[in-house]
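Worksheet: one structure, shown below.
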Amino acid sequence: MLSYIGTRPALTHLVDLIWRFSPRPPLQAAQTFESPMQDPMVTTILSALESVRGDYYRLVFVGPVAEPYLLAISRTTRFPLINLSLEISRLLIDVPPARRARDLPGIAESLLDHVNAEGVILNRLELLFLPSLSHDPVRTLLRLSRNLTILAVWPGEMEGDRLRYAEPAHPEHVDHDATDLVVVSGSNIASAGRTG
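Last residue of the sequence shown: 196 (our numbering), numbering continuous.
Below, the structure written as structure tokens:
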């Protein structure tokens with residue numbers, strides 16, 4: 001058994017994060033379709049993924065999507081669906097708290113290096129917003145998307161040309177300009193692509 005003398009609060013916090021980001025029962029779709037593949041959101045997301053195929057950054061943001069839709073996209077694209085917070089917290093648990101912020105990019109890259117596919121669907125991104133990790137979640141995802149296509153399920157709000165997470169007074173608050181990003185949200189289902 002490993003000894004974590006002096007790091008018990010940090011270890012407890014990390015175990016709490018693992019529980020917080022572990023898989024939950026699937027969400028129910030807002031509408032019922034014979035197949036999620038018939039939904040305009042799924043076809044719009046698939047078109048957006050195709051549109052970034054040759055780009056330097058192959059990243060598509062999508063708002064919260066019900067599990068059946070993500071699974072349908074995963075089956076169609078053969079992109080694995082990864083609970084990013086759960087997987088990164090499992091890898092960070094053995095890293096001393098003082099080194100976690102520094103090691104996060106390398107850990108995330110090594111996690112995705114093991115993906116045997118052209119792309120990946122990243123769900124549950126909340127761990128990237130932790131102030132203790134000192135990283136901009138959007139820039140982290142952009143960096144990761146240079147090596148493979150990423151569909152990132154944004155856990156916050158998408159309004160106009162902004163990606164937002166948490167209230168302004170909250171320590172995890174992010175308000176990011178999305179003008180040059182590929183964003184699929186309810187407001188642009190008819191024509192996915194770069195916002196702006």
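A virtual CB, placed ideally from N, CA and C, is assigned to each residue, including glycine.
Everything numeric in this text was worked out from a predicted model, so none of it was measured.
Coarse secondary structure for residue i, derived from DSSP in three states
| i | result |
| --- | --- |
| Thr179 | coil |
| Phe129 | helix |
| Ala29 | Reliability of the predicted coordinates at Ala29 is poor, the pLDDT of 38 falling under 50, and the value obtained from them is presented with this limitation in mind. Coil, per DSSP. |
| Arg24 | With a pLDDT of 48 at Arg24, under the threshold of 50, the predicted position of this residue should be treated as unreliable, though the coordinate-derived value follows. DSSP places Arg24 in coil when its eight states are reduced to three. |
Range covered by the alpha helix (DSSP H) that runs through residue i
| i | result |
| --- | --- |
| Ala48 | 40-51 |
| Ala72 | 67-77 |
Boundaries of the beta strand (DSSP E) in which residue i is found, first to last residue
| i | result |
| --- | --- |
| Leu163 | 162-165 |
| Ile82 | 81-83 |
| Glu159 | 157-159 |
| Val95 | Note, Val95: premise wrong, no beta strand (DSSP E); not H, not E. |
heavy atom of the ligand COA below 8 angstroms from residue i C-beta
| i | result |
| --- | --- |
| Val115 | Absence of the ligand COA from the depicted structure is noted, as is the absence of any ligand whatsoever, leaving it without description. |
Same chain, Cβ closer than 6 angstroms to residue i, five either side skipped, listed in chain order
| i | result |
| --- | --- |
| Val182 | Ala48, Val52, Val60, Arg194 |
| Leu27 | Reliability of the predicted coordinates at Leu27 is poor, the pLDDT of 37 falling under 50, and no value is obtained from them. |
| Phe79 | Ala117, Gly119, Val120, Ile121 |
| Ser145 | Tyr57, Arg58, Leu59 |
Chain-order list of residues whose beta-carbon lies under 7 angstroms from that of residue i (same chain, five-residue window excluded)
| i | result |
| --- | --- |
| Leu142 | Tyr57, Leu59 |
| Glu167 | His173 |
| Pro137 | Leu125, Leu128, Phe129, Val174 |
| Glu157 | Arg164 |
| Gly186 | Gly63 |
| Gln31 | Confidence in Gln31 is poor, its pLDDT being 40 and thus under 50, which makes the residue's placement unreliable; the coordinate value appears in the next sentence. Hits under 7 angstroms: none found. |
| Thr199 | As displayed, the chain neither begins before 1 nor continues past 196, which places residue 199 out of reach and without an answer. |
Same chain only: Cβ atoms within 8 angstroms of residue i, ignoring 5 sequence neighbours per side
| i | result |
| --- | --- |
| Arg100 | Leu92, Ser132, Leu133 |
| Val184 | Met41, Thr44, Ile45, Ala48, Val60, Phe61, Val62, Gly63, Ala192 |
| Gly54 | none |
| Asn123 | Leu70, Leu81, Ile82, Asn83, Leu84, Val153 |
| Leu148 | Arg58, Leu112, Val115, Ala117, Glu118, Gly119, Val120 |
Write down every uninterrupted run of the beta strand (DSSP E) in the stretch 97-153 whose length is 3 residues or greater and which is fully enclosed by it, in chain order.
119-123, 149-153
On the three-pair Cβ rule with 8 angstroms, is the stretch 80-92 touching the stretch 100-112?
yes
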